[in-house]
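Beneath this line is the structure, given in structure tokens, with notes to follow.
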Amino acid sequence: MKAHIHKFRNALVKVIDTESHKYCHLPRWEELNSFPFGSCDIANNMLAAYLSQKGFKPQIVWCNNNHVNYPKVKSHVWIDVEGKFVDITVNQFPDYINDRVHIAPKNDPNMLNEIYKHCKKQGHHHFRLQEIDLSTRTSSASALYEEVVKIADAL
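First residue of the sequence shown: 0, per numbering that gives the first Met the number 0; consecutive thereafter.
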């Protein structure tokens, strides 16, 4: 699983940093333009779709955070898979975690685990386990996702 996660993130970074001219016209591109900042939803949903294609069973975690120890994390999305929390955008919060690729057991004492437990206690308005979704109400990241997958699979 770890190799798939790294390949996908590397492919995503390649698309964003060196090949944006090929993909900037695709729907939902603007959400990746400042990756990893503000792109947790699209990036982690795309990674979850990729892991699903590889035979894993990821779930999307969404938290609307108000934990006092993490005031810079307002809302965040990451993946729950194989008893681990996975996040390829967590380095947007360098005050808390610097990992480019964060893979940690769900019960490890870290930011995601603390936010998860805190928000889950607060209920539906602060916490949801969701299905993978590459779409918004108005557009889909499917075409962009397929391009990233081609690159990831070639790595």
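C-beta: ideal position from N, C-alpha, C; glycine also.
- Residue environment: V67 is assigned as exposed (fewer than 16 neighbouring CB atoms within 10 Å of its CB, all protein chains considered).
- Of all alpha-carbon atoms in K149, A140 and F55, the one lying nearest the alpha-carbon of M45 is that of A140.
- By DSSP's assignment, S74 forms a beta bridge with N63.
- At a cut-off of 4 residues, the continuous stretches assigned as alpha helix (DSSP H) that sit fully inside the segment 66-126 are 110-121.
- The three-state reading of DSSP puts S138 in coil, since its state is none of H, G, I, E or B.
- The shortest CA-to-CA distance from I59 to any of L143, V76, K105 and I150 is the one to V76.
- Rounded to the nearest angstrom, the Cβ distance from I4 to V85 is 6 Å, consistent with a contact under 8 Å.
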